[in-house]
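As structure tokens, the structure follows; a few thoughts come after it.
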Amino acid sequence: MSGTGIIPTSFPENGRKYLNAQDFQNGFDPVAEGHEMIRLITELYPICRSITGDGLRETLRRLQRHIPLELREVPTGTQVFDWTVPKEWNIRDAYVKNAKNERVIDFQKSNLHVVNYSVPVQRRMALAELKEHLFTLPAHPDWIPYRTSYYKESWGFCLPQKQLAGLQDEEYEVCIDSTLENGHLTYGEYFLQGETREEVLISCHACHPSLCNDNLSGIALAISLALRLQSVSRRYSYRFLFIPGTIGAITWLAKNEDKIANIKQGLVLTGVGDAGALHYKKSRKGTADIDRAAAHVLKHSGQSHEILEFSPYGYDERQYCSPGINLSVGRLSRTPHGTFPEYHTSADNLEFVHADKLGEALAVTLEILAVLENNGTFVNLNSKCEPQLGRRGLYRMVGGTADAGISEMAMLWVLNLSDGKNSLLDIAERSGLRFEAIRQAAEALEEHKLLRREWKSVPQAAR
Ligand SMILES: [Zn+2]
Numbered sequence: 034m035s036g037t038g039i040i041p042t043s044f045p046e047n048g049r050k051y052l053n054a055q056d057f058q059n060g061f062d063p064v065a066e067g068h069e070m071i072r073l074i075t076e077l078y079p080i081c082r083s084i085t086g087d088g089l090r091e092t093l094r095r096l097q098r099h100i101p102l103e104l105r106e107v108p109t110g111t112q113v114f115d116w117t118v119p120k121e122w123n124i125r126d127a128y129v130k131n132a133k134n135e136r137v138i139d140f141q142k143s144n145l146h147v148v149n150y151s152v153p154v155q156r157r158m159a160l161a162e163l164k165e166h167l168f169t170l171p172a173h174p175d176w177i178p179y180r181t182s183y184y185k186e187s188w189g190f191c192l193p194q195k196q197l198a199g200l201q202d203e204e205y206e207v208c209i210d211s212t213l214e215n216g217h218l219t220y221g222e223y224f225l226q227g228e229t230r231e232e233v234l235i236s237c238h239a240c241h242p243s244l245c246n247d248n249l250s251g252i253a254l255a256i257s258l259a260l261r262l263q264s265v266s267r268r269y270s271y272r273f274l275f276i277p278g279t280i281g282a283i284t285w286l287a288k289n290e291d292k293i294a295n296i297k298q299g300l301v302l303t304g305v306g307d308a309g310a311l312h313y314k315k316s317r318k319g320t321a322d323i324d325r326a327a328a329h330v331l332k333h334s335g336q337s338h339e340i341l342e343f344s345p346y347g348y349d350e351r352q353y354c355s356p357g358i359n360l361s362v363g364r365l366s367r368t369p370h371g372t373f374p375e376y377h378t379s380a381d382n383l384e385f386v387h388a389d390k391l392g393e394a395l396a397v398t399l400e401i402l403a404v405l406e407n408n409g410t411f412v413n414l415n416s417k418c419e420p421q422l423g424r425r426g427l428y429r430m431v432g433g434t435a436d437a438g439i440s441e442m443a444m445l446w447v448l449n450l451s452d453g454k455n456s457l458l459d460i461a462e463r464s465g466l467r468f469e470a471i472r473q474a475a476e477a478l479e480e481h482k483l484l485r486r487e488w489k490s491v492p493q494a495a496r
């Protein structure tokens, strides 16, 4: 027995514990984890991704070095609910050359210079005509904007306002060496089997070119999460999707309607590496376990944070929470998209994301999942007055340290509210204590036969 009053226990019936905060936090170094994520972000940063094409494929293949991701290919023209899988876009090179044959705009320097999904062009034209196809950010004259034209065939270049101001009135050679042809939409899927067929969905978009917080931070967090979850016992199965935004989520949902009922909880991960506070956006339901678990963990995290109500605008939670799908899927981000000037510009670069922020996001996400993994209902087997905890070695042995009282208070709450109706998360919320303290108390009480678990993990064939 330790002098701290924290009682080491394990589940005697199977000797197995699900992902829990006590275990994963043991030796957990958020900054080191964040540096791993930065390494992956740095590797993927130069690739010209889009909603289809070889940049997306190359990104997913590199992720296969970390987890056994399966690549799926859906042909152009496939009907997916109200949408159609578009033509596949690929690009090799693009530039604008001046009369001296100098590349004044060069895709090789930044893939953001070309409007994503630009049709091929090979022409000479005057500055006036060229200008109709140029996009800048006058408020941030050094930044390149990020523009796309997925569903309207057009072309264009993006450049810093300062660079535009320097263009002479002369004839330019314009080249976009791209193809827009029948092909496939590619996405990556990784299914991690748990003890039950009930699933937690982890989804991130992988369709943005050289942008770090918007897309790469979510990808890196999902990979770190998958690696952690692989190594622990899991009650839930986990399905990871690395998909092009909007069309990828719609495509997956349209082609996997038979799997939707198994998805009990989920998170969209994006924009988790900037310096801002964590923001959790609730699912459409608003009171799903994922919503409550996220709010609980953030409240006890000691970090500034915000809980956002659901709205039908944002990332792929829009599709997962559409009324005919209505999954319990929330979104974890830091500063919400569109509310920081670097959003969708070249300033969302490697300097904009931080190892400590990424590591913190991983810790919070793991703790949210640990709540889901361990939440359940117990019944107090000694409900007429309090059981005598001291006789069982469950009460403070020698005069208390400060944290000795925490687990005792947690035990009193668990015993009092375990009437088969209140889950551990209900008890954590009502007591104001951290879920992990409640879980540890329940574990100790169960081991001493003062509680009976009312929930079971029945292994079932999944998929
Ligand atoms: Zn975006």
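Under our numbering, the sequence shown has 245 at position 212, and the numbering climbs by one with no breaks.
Note that the Cβ used here is the ideal one computed from N, Cα and C, for glycine as well.
Run through the DSSP bridge pairs and tell me what residue i is partnered with.
i      : result
Val107 : Leu218
Gly363 : Leu300
Leu274 : Glu222, Ser236
Asp139 : Tyr128
Cys418 : Looking at the DSSP assignment, Cys418 forms no beta bridge with any residue, so it has no partner.
Cys208 : Tyr128, Gln155
Ser266 : Tyr51
Tyr313 : Ile340, Leu365
Trp116 : Val113
Could you work out which residue in the options is closest to residue i when comparing CA atoms only?
i      : options                        : result
Gly409 : Leu422, Glu400, Ser456         : Ser456
Ser187 : Arg82, Pro193, Leu163          : Leu163
Gln194 : Glu203, Tyr376, Asp175, Thr181 : Asp175
Pro357 : Gly319, Ile323, Glu290, Gly363 : A small correction: the amino acid at residue 357 is Gly; Pro does not occupy that position in the sequence shown. Among Gly319, Ile323, Glu290, Gly363, the Cα nearest to that of Gly357 belongs to Glu290.
Ala461 : Asn415, Asn407, Glu487         : Asn407
Asn123 : Ile80, Asp349, Leu483          : Ile80
His481 : Ser83, Asn59, Asn415, His241   : Asn415
Phe61  : Val137, Glu419, Leu483, Leu399 : Leu399
Phe7   : Leu167, Asp56, His173          : There is no way to answer for residue 7, as the model of the chain reaches only from 34 to 496.
Ser379 : Ser243, Asp324, Arg317, Leu311 : Ser243
Val301 : Ala255, Ile340, Ser344, Arg157 : Ala255
Arg268 : His370, Pro420, Leu402         : Leu402
Ile471 : Ala396, Val404, Glu206, Arg95  : Val404
Ala326 : Gly299, Phe343, Gln352         : Gly299
Let's test the definition: count the other Cβ atoms within 10 Å of the Cβ of residue i and tell me whether it reaches 16, buried, or not, exposed.
i      : result
Asn53  : buried
Trp446 : buried
Arg98  : exposed
Ala159 : exposed
Gly438 : Model confidence at Gly438 stands at a pLDDT of 47, short of 50, so the residue's coordinates are unreliable; what they give is reported in the following sentence. Per the 10 Å Cβ criterion, exposed.
Asp87  : buried
Ala132 : exposed
Trp285 : buried
Glu121 : buried
Asp381 : buried
Glu184 : For clarity, residue 184 is Tyr in the given sequence; the question names Glu instead. The residue is exposed, with fewer than 16 neighbouring Cβ atoms inside 10 Å.
Ser143 : buried
Gln155 : exposed
Ser264 : exposed
Gln473 : buried
Glu487 : exposed
Tyr346 : exposed
Asp126 : exposed
Gln493 : Confidence at Gln493 is low in this model, with a pLDDT of 47, below 50, so its placement is unreliable and the value that follows should be read with caution. Result: exposed.
Lys417 : exposed
Thr219 : buried
Met430 : Low local confidence applies: a pLDDT of 49 at Met430 is under 50, so the model's placement there is unreliable, and no value is given.
Leu260 : exposed
Where does the unbroken alpha helix (DSSP H) through residue i begin, and where does it stop?
i      : result
Asp459 : 457-464
Phe385 : Careful: Phe385 lies outside any alpha helix (DSSP H) and carries neither H nor E.
Lys133 : Element bounds for Lys133: n/a, residue is neither H nor E.
Pro63  : 63-77
Arg98  : Careful: Arg98 lies outside any alpha helix (DSSP H) and carries neither H nor E.
Gln196 : 194-198
Gln352 : 350-353
Ile471 : 468-480
Leu450 : 437-450
Ala287 : 280-288
Leu163 : 160-164
From what residue to what residue does the beta strand (DSSP E) around residue i run?
i      : result
Asp126 : 121-130
Ile340 : 338-341
Thr320 : No beta strand (DSSP E) holds Thr320; DSSP gives it neither H nor E.
Arg497 : The structure shown does not extend to residue 497, since the chain is modelled only from 34 through 496, so no value can be given for it.
Asn413 : 410-413
Meets three-Cβ-pair contact criterion under 8 Å: the segment 218-227 and the segment 271-281: Between the segment 218-227 and the segment 271-281, the count of C-beta pairs closer than 8 Å reaches three or more; the two stretches touch.
Touching by the beta-carbon criterion (3+ pairs, under 8 Å), the segment 199-216 and the segment 230-243: Taking 8 Å as the limit for Cβ pairs, the verdict is that the segment 230-243 does not touch the segment 199-216.
At least three beta-carbon pairs within less than 8 Å, the segment 101-114 to the segment 299-308: No, because fewer than three Cβ pairs between the segment 101-114 and the segment 299-308 fall closer than 8 Å, the two stretches do not touch.
The segment 246-261 touching the segment 144-153, judged by at least three CB pairs closer than 8 Å: Not touching, per the Cβ criterion.
Inter-stretch contact (C-beta, 8 Å, three-pair minimum) for the segment 333-342 and the segment 277-295: Using a C-beta cut-off of 8 Å, the segment 333-342 makes no contact with the segment 277-295, since fewer than three inter-stretch Cβ pairs fall below that distance.
Cβ pair count under 8 Å reaching 3, the segment 380-398 against the segment 61-73: Touching, yes.
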